[in-house]
Amino acid sequence: MAKLPVTEEALMAKFGPHLNVAPPGGWNAGLDIDKEVKTHCCFCGQQCGIVLKVKDNEIVGFEPWYEFPFNEGRLCPKGVKRYLQGSHPDRLLAPLERDESASDGFREVEWDAALDRVVSEIQRIQEEHGADSFAMLSGVSLTNEKSYLIGKFARLALGTANLDYNGRLCMASAGAAAKKALGVDRAPNPWSDIPLADIVFIAGANIAECAPITTSYIWRARDNGAKLIVADPRVTPLARTADVFLGLKIGTDSALMGTILHILIERDWLDHDFIEQHTTGFDAAAAAVREYTPQWGAEITDVPASRIEEAAELWGTSATGMLLHARGIEHHTKGVENVLSCINLGLATGKYGKPGCGVSTITGQGNGQGGREQGHKCDQLPGNRDITNPEHREYIASVWGVDESEIPGKGLSAQEIMNEIHAGNIKGLLSICFNPAVSLPDTKFTAEALDKLEFYSVIDFFMSESALHADIVLPGSLHEEDEGTVTSAEGRVIKINQAVSPPGKARKDWEILLDIAERLGKKSLFTYDNTEEIFNEMRIASHGGTADYTGITWQRVEDEMGMFWPAPEIGHPGTPRLFEGGKFFTDDGRARFIPVSYRPPAEVVDDEYPIWLTTGRVISQYLSGTQTRRIGPLVDQYPEPLCEIHPNLAAEYGISDGDQMTVTSRRGSMTLPASVVSTIRPDTLFIPYHWAGKKSANQLTQRALDPVSKIPEYKVSVVRIEKADGSVAVTDERDMELTDGSQA
Amino acid sequence: MTSALDDRPIFVIDQSRCIGCEACVHACGECGTHRGTSLIQLDYVDRGATVQTAPQVCMHCTEATCAEVCPADAIKIREDGIVQSSLKPRCIGCSNCVLACPFGVPKYVAEFDQMMKCDMCYDRSSVGLAPLCASVCPSDALWYGTRAEFEATRSGFLENRYRFGLQAITTAVFTVSDTPLGDLIDVMAESSDAPWQDDPFALDDASKERARCD
C-alpha cells in the first residue's frame with residue numbers, strides 16, 4: 081500500500097518543499113555564537129572544508145575554512161547556503177505512519193510503535209515471500225561508517241541479498257572500468273596533481289557547475305602553461321575558455337577516444353617503455369581502433385577531424401597530462417566502455433603514477449568514493465571486496481563473527497530492484513537517503529513500482545518525494561547532526577564533525593538501524609556505542625582489501641586534515657598518488673588495455689523522435705533536490721528546469737526564448753520553458769534533472785542499463801518537440817526585488 | 007600605487023575565469039555589515055550567445071564618482087582607498103550615485119531607503135581577513151592577496167586604469183589582461199581567441215562530414 085495517502089497538493093502543503101530563506105532569528109540576529117565546528121560541505125564529492133557557526137544547538141552561519149588544503153576556503157553557492165538546511169520548517173521531527181484519514185496523509189507515532197511496525201512487516205513479507213523479497217536502498221550522502229553498517233545490516237539483520245545504493249546512478253561505470261583495467265576503484269591522483277599537468281583533458285564533465293572547486297585547480301595548471309581540451313555537447317562555463325573544444329554528438333564518446341587512440345598509434349605518440357613494462361593487451365586495443373581514422377571519427381562524433389587531431393597531438397606530445405571525466409561519459413549503456421577508452425589513452429602515453437599524470441573520474445556524490453568501498457553495493461563486501469569471491473566472504477564472515485553461509489550472495493542493482501518491485505517479486509523496501517521517485521529514470525514506472533509495494537519504510541530528514549509513498553517514515557539525521565568519516569573525490573578520508581544534535585524526536589541514522597537489528601533478534605552483531613567503534617570495525621574489515629583503511633585512525637584523519645587510502649598498516653603515511661613506479665593493483669601488477677569498439681546508444685533518433693536529449697545538473701541544485709529545493713537563495717538562482725535549445729532548432733519549431741515547449745519521449749512528456757542558447761549542439765536538448773513530478777526530466781529518460789555497471793543511460797534519449805502555449809519572462813526576479821523593497 | 011604599499015592586499019577581478027556560479031553573490035549576503043542583502047552584481051553578458059558571466063564588485067575608484075556627486079556627503083573614502091557604503095544618517099536616497107557610477111555598482115535598496123554597495127567586507131578586511139566573495143570564489147575569478155602573491159602564482163597583467171568617454175578612472179580593484187593594455191580596458195576583448203569560439207559546433211565547417219540524425 082504505497083500509493084500517496086492523500087493528494088499531492090495536501091502533502092506538499094504539509095511537507096514542502098518549503099523554502100528556508102534566512103538563518104534562525106533572521107538576518108539581524110547577529111552572529112553571536114556558542115561555537116565554531118570545522119567540518120565539510122554535505123553536498124558533492126569535493127567535500128570542501130567549512131566552518132559552521134552554532135548558537136543554541138542551531139547553525140546560524142558559516143565561515144570559510146582557509147586552512148583545509150583541498151579548497152582553502154573556497155565554496156560554491158550550495159556550500160555557502162548549506163547551513164540553511166538546518167532549522168528548516170520541513171524537518172521531520174517525529175516518526176510518521178501513513179494515515180489516509182489524516183488531512184495530510186500521515187500521523188505522528190512513537191518510536192516504539194514505528195519500529196515494531198517496520199519489523200513486523202519485514203518479518204511478515206520475508207516469511208511469506210522469502211528473504212530476498214524485502215530489499216534495501218542506501219545512499220552515498222552517508223558516511224563511511226553508515227555505509228559499512230548498512231552493508232552488514234542488510235546482509236545479517238535483514239538477511240537479504242537485495243541491497244544497493246544510489247552510487248549506482250553516479251560513479252558505477254567509472255568504478256567498474258577502473259577495477260577492470262587498473263585493479264582498483266579510486267581516483268589515481270590527489271587534486272594537487274592537476275596543476276602539474278601540461279595538458280588537461282575534460283571529457284563529459286561540467287566542472288564549473290558540478291565540481292566547482294576543481295575549476296581553481298585547472299586555472300592553476302593553466303597559469304603554469306597547461307592547455308585545456310573539453311569534450312562536451314554543450315559549451316559549459318569552463319569549456320568556454322578551452323583551447324580546443326570537441327562539441328561531440330551525444331553517445332559518441334568512445335568513438336572520439338578511439339579515434340584519438342588511433343591517431344596516437346598512427347603518429348607514434350606512444351610511451352613504448354611504459355606499455356611494455358607496465359601493461360598488457362595493447363595489441364588488441366590497437367586492433368579495435370585500426371579503422372578509427374580521423375575522418376571516421378569526424379563522421380561519428382560530428383567533430384571536425386582537424387580538432388580531433390589537435391586534441392590527440394596535445395595529449396600525445398605533452399609530457400604530463402590529466403584526463404578528467406564524469407557522468408557525461410559514464411551515464412550511458414556503454415559507460416564502462418567509455419571510461420575504458422579514456423583509460424587506454426592514459427596507458428598508451430604512460431600518463432599514470434607520475435606527478436601531473438592520471439585519468440580520473442570526478443566523483444559526484446558527497447561520499448561517492450567512500451560509499452563505493454564499504455560494502456553497501458549489491459555485489460560488494462567491505463574493503464571493496466567481491467561478494468562472490470569465497471576468500472573475501474570467509475574473511476568478512478570472520479570479522480562479523482558469522483558463518484560464511486550466513487552472508488547472502490550477489491543481489492540486484494538499484495534499477496533492477498525497482499524493476500522487480502514493479503514485477504511484483506520484491507514486496508517490501510527500506511530506503512535511506514535515496515529518492516528514487518526523482519532520481520531513477522522513467523519516473524512513471526518508478527511511481528507505479530512504489531505503488532505496488534506491500535510495505536515501504538523510509539529513513540530521511542526531509543519528506544522526499546519517495547517518502548510520500550511510504551508506510552512508515554523514520555526521521556534520521558542531517559550531515560551536521562552526526563560525526564563520522566567520508567572519502568572525497570581524491571580518495572582523501574576526512575572527518576565530518578557533529579555541530580548540532582538531531583531536533584525533536586529525530587535520531588542518528590545508525591542508532592535507528594541498531595534498534596531495528598535488535599528487534600530482528602540480531603543485537604549481538606550490532607553492539608556499537610558510537611561511530612568511531614563502527615569505523616574501527618570497518619578498518620579491520622577493510623584490511624587486506626584494495627580499499628585498505630587499516631592505518632587510518634580517527635585521530636590522524638582529524639589531525640592531518642585527511643588521509644589517502646590505501647594505508648595497509650598502522651603508521652603508514654597513506655597513498656595520495658596511486659600506481660607510482662607503474663605498479664597497478666591487478667594480480668600481475670600490470671594495467672590492462674581493454675579493446676573498445678564503438679557501438680551506438682540504446683536509442684537513436686528516427687522520424688518519430690528526431691532530436692537528442694541529454695540531462696544533467698545546474699550549479700545551484702544538487703541531485704534529486706531533497707535538500708537544495710528547500711534552500712530559498714538556491715531556488716531563487718534557478719527556480720525551475722529550462723530546456724536548452726539551439727537557436728537554429730528553436731527557429732524550426734517557432735520557439736523563442738522563454739516560450740513553453742513540450743518535449744516527448746517514448747516514456748512520457750513534459751512542458752517547460754525554452755532557454756534558446758547557441759551553447760548547445762543544434763541536434764540536442766538539455767534539461768536539468770533536480771525536480772519532481774511534472775518538472776522531472778526523468779519522465780523522459782529510459783531504463784536502459786550498462787551491462788556491467790548497471791548505470792542507466794541518463795545522458796541519451798530521443799524526443800520530439802512542439803511549441804506549447806504560454807511563455808515565461810526571462811528576467812532574474814532577484815534584480816527586481818532588491819530595488820522595489822520586496823526582499824525578505 | 008607605490009612600492010611601499012606592495013605588501014598590502016589587493017582585490018583582483020578576472021572576468022575571464024568567472025563560471026557564473028554566484029557563490030560570490032550568496033557569500034556577499036553573509037557579510038557582517040549588510041547580512042541578508044547581497045551587493046554583488048553577476049550577470050550573463052549575452053546568455054543566448056555565450057555562458058560568459060561578469061561579476062562586479064565596487065571598483066573603489068581613486069576619485070570616486072559616487073562620492074563626488076553625492077549631495078549629502080554620505081559616501082566616505084577610507085585612508086586605504088576603500089570607498090564605503092553610504093552613511094545611513096546622511097543618505098537621502100536620491101540615487102545620484104546609482105546613476106553616476108561608471109561601473110553601475112551602487113544600488114538604492116528600498117527596504118532600507120539607502121544606497122548600499124560593496125565596502126570590501128569592512129568587518130573582515132579591517133582585521134586582515136579576505137572579503138567573503140573572494141574567499142569563496144571557486145575559480146579565483148575574484149581574488150584577494152598581495153601583488154607579490156599574484157605575480158608568483160598567476161599569469162596575466164594587473165590593470166586598473168579605465169576610460170569612460172572623457173572620464174579617466176583609476177581604481178583600487180584590479181582586473182587582469184593577457185597582455186599589458188595601456189589605459190583602456192575592454193573586458194570583452196579579453197576573452198579567449200581560441201579558433202573554435204566563433205563556431206563551437208563547426209556548423210559552418212565545410213570539411214566536416216555531416217551525418218545528422220543517424
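Residue numbers (my numbering), protein chains in the order written: chain A, 81 to 824; chain B, 7 to 220. Cβ coordinates follow ideal geometry from the N, Cα and C atoms, glycine included.
Query                                                                                                                                       : Result
Completely contained alpha helix (DSSP H) runs for the segment 419 to 499 of chain A, where each covers 4 or more residues                  : 470 to 480
Residue 194 of chain B (DSSP reduced to helix, strand or coil)                                                                              : Unreliable placement is indicated for residue 194 of chain B, whose pLDDT of 44 sits below 50; the coordinate value is still reported in the next sentence. DSSP places residue 194 of chain B in helix when its eight states are reduced to three.
C-beta atoms of residue 118 of chain A and residue 411 of chain A nearer than 7 angstroms                                                   : no
Terminal residues of the beta strand (DSSP E) in which residue 564 of chain A lies                                                          : 564 to 567
Within chain A, partners of residue 232 of chain B - CB distance below 7 angstroms                                                          : Only positions 7 to 220 of chain B appear in the structure, and residue 232 of chain B is not among them; the question remains open.
Selected residue, minimal CA-CA separation from residue 293 of chain A, among B/14, B/25, B/163, B/99                                       : B/25
Terminal residues of the beta strand (DSSP E) in which residue 756 of chain A lies                                                          : 749 to 756
Segment limits, beta strand (DSSP E) that includes residue 139 of chain B                                                                   : That residue, residue 139 of chain B, is in no beta strand (DSSP E); its alpha helix (DSSP H) goes 138 to 142.
Cβ pair residue 442 of chain A, residue 569 of chain A closer than 7 angstroms                                                              : yes
Pair within 7 angstroms by beta-carbon distance, residue 235 of chain A and residue 487 of chain A                                          : yes
Beta-ladder partner(s) of residue 613 of chain A, from DSSP                                                                                 : DSSP lists no partner for residue 613 of chain A.
Residues bridged to residue 38 of chain A [DSSP beta-bridge criterion]                                                                      : Outside the shown range of chain A (81 to 824) lies residue 38 of chain A, about which nothing can therefore be said.
Distance between beta carbons of residue 625 of chain A and residue 783 of chain A, contact taken as under 8 angstroms                      : Not a contact, Cβ separation roughly 32 angstroms.
Euclidean distance between Cα positions of residue 340 of chain A and residue 583 of chain A                                                : 55 angstroms
Same chain, Cβ closer than 6 angstroms to residue 719 of chain A, neighbours up to 5 away in sequence not counted                           : none
Partner residues on chain B for residue 296 of chain A, Cβ-Cβ distance less than 7 angstroms                                                : 144, 145, 146
Span separating the alpha-carbon of residue 802 of chain A from that of residue 741 of chain A                                              : 6 angstroms
Cutoff 7 angstroms: residue 288 of chain A Cβ touching any chain B Cβ                                                                       : yes
Top-ranked residue by Cα proximity to residue 88 of chain B, from B/201, B/184, B/179                                                       : B/179
Inter-stretch contact (C-beta, 8 angstroms, three-pair minimum) for the segment 500 to 516 of chain A and the segment 204 to 218 of chain A : yes
Chain-ordered neighbours of residue 759 of chain A on chain B, where CB pairs are closer than 9 angstroms                                   : 53, 54, 55, 56, 57, 206
Residue 285 of chain A, buried or exposed, once every other Cβ within 10 Å from all chains shown has been counted against 16                : buried
Residue 822 of chain A to residue 32 of chain B span [Cα, whole Å]                                                                          : Confidence in residue 822 of chain A is poor, its pLDDT being 44 and thus under 50, which makes the residue's placement too unreliable to answer from.
Residue closest to residue 295 of chain A, alpha-carbon to alpha-carbon, out of A/150, A/190, A/207, A/810                                  : A/150
Near-chain A residues of the segment 59 to 87 of chain B (beta-carbon distance less than 7 angstroms), N- to C-terminal order               : none
Interface flag, residue 211 of chain B vs chain A, CB-CB below 7 angstroms                                                                  : yes
Contact list for the segment 556 to 585 of chain A against chain B, Cβ threshold 7 angstroms                                                : none
Buried versus exposed call for residue 205 of chain B [16 or more other C-beta atoms within 10 Å across all chains shown]                   : exposed
Residue 85 of chain A versus residue 548 of chain A: straight-line alpha-carbon distance, rounded                                           : 8 angstroms
Continuous beta strand (DSSP E) stretch holding residue 215 of chain A: start and end                                                       : 214 to 218
6 angstroms Cβ shell around residue 402 of chain A - same chain, five flanking residues per side excluded                                   : 274, 277, 280, 438
8 angstroms Cβ shell around residue 400 of chain A - same chain, five flanking residues per side excluded                                   : 276, 277, 278, 279, 431, 434, 435, 436, 437
Rounded separation between residue 810 of chain A and residue 65 of chain B - CA only                                                       : 28 angstroms
Strand pairing of residue 768 of chain A, partner residues [DSSP]                                                                           : A/696
Classification of residue 241 of chain A by the beta-carbon crowding that lies within 10 angstroms, buried from 16 upward                   : buried
Buried versus exposed call for residue 210 of chain A [16 or more other C-beta atoms within 10 Å across all chains shown]                   : exposed
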